[in-house]
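Okay, structure first, notes after.
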Amino acid sequence: RENPALEDLGFVQQAEIFNLVRTRRNAIPPVVDAKDVLENPERTLQLLCEAAGVEFSKSMLSWPSGLRDSDGIWAKYWYGEVAKTTSFQPYRPTPSEVPARLRETYRHCCECYERLYEYRLH
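In the working numbering, the protein residues as written are 6 to 127.
Structure, rendered in structure tokens:
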């Protein structure tokens with residue numbers, strides 16, 4: 006969308022889910038930053054597995070190309086590039102020019118992101 010509403014972007018909802026889980030479980034839920042995954046997938050996934058009580062396997066670092074039935078009905082819209090890969094791709098920064106009409110929305114998203122970022126696994 007050209008002019009997404011704050012609620013369309015998911016940052017507020019992620020912060021709310023984090024707070025809900027933190028309150029109900031009286032523990033900090035694991036937070037993963039996509040940049041960390043791309044810069045160091047093995048280490049980040051090891052930390053996530055440890056936090057979740059799941060055994061890490063190097064097989065988590067690669068996969069066969071293509072879509073899978075388990076990807077769900079939105080896969081063809083969301084996973085186009087992922088379907089072409091067989092492993093995590095290097096992090097590539099994207100331009101961060103924010104149009105004036107979206108700066109307030111961007112500011113709110115950044116606030117939510119930064120609150121979660123301080124708890125990220127690293």
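Even for Gly, the Cβ is constructed at its ideal location relative to N, Cα and C.
Put simply, the region 102-110 does not touch the region 47-65. Fewer than three CB pairs are less than 8 Å apart. Distances from the CA of Ala88 to each of Pro98, Tyr96, Ser75 and Arg97 were compared; the closest alpha carbon is that of Ser75. A straight line joining the alpha-carbon of His113 with that of Leu14 spans about 11 Å. When rounded, the separation of the alpha-carbon atoms in Glu12 and Thr110 is 9 Å. At the C-beta level, Pro34 and Phe23 come within 8 Å of one another. The alpha-carbon separation between Glu7 and Glu60 amounts to approximately 42 Å. Leaving aside the five residues that flank Ala56 on each side, the residues in its chain whose CB is nearer than 7 Å to its CB run, in chain order, Pro35 and Leu126. With fewer than 16 other Cβ atoms from the protein chains shown falling within 10 Å of its own Cβ, Cys115 counts as exposed.
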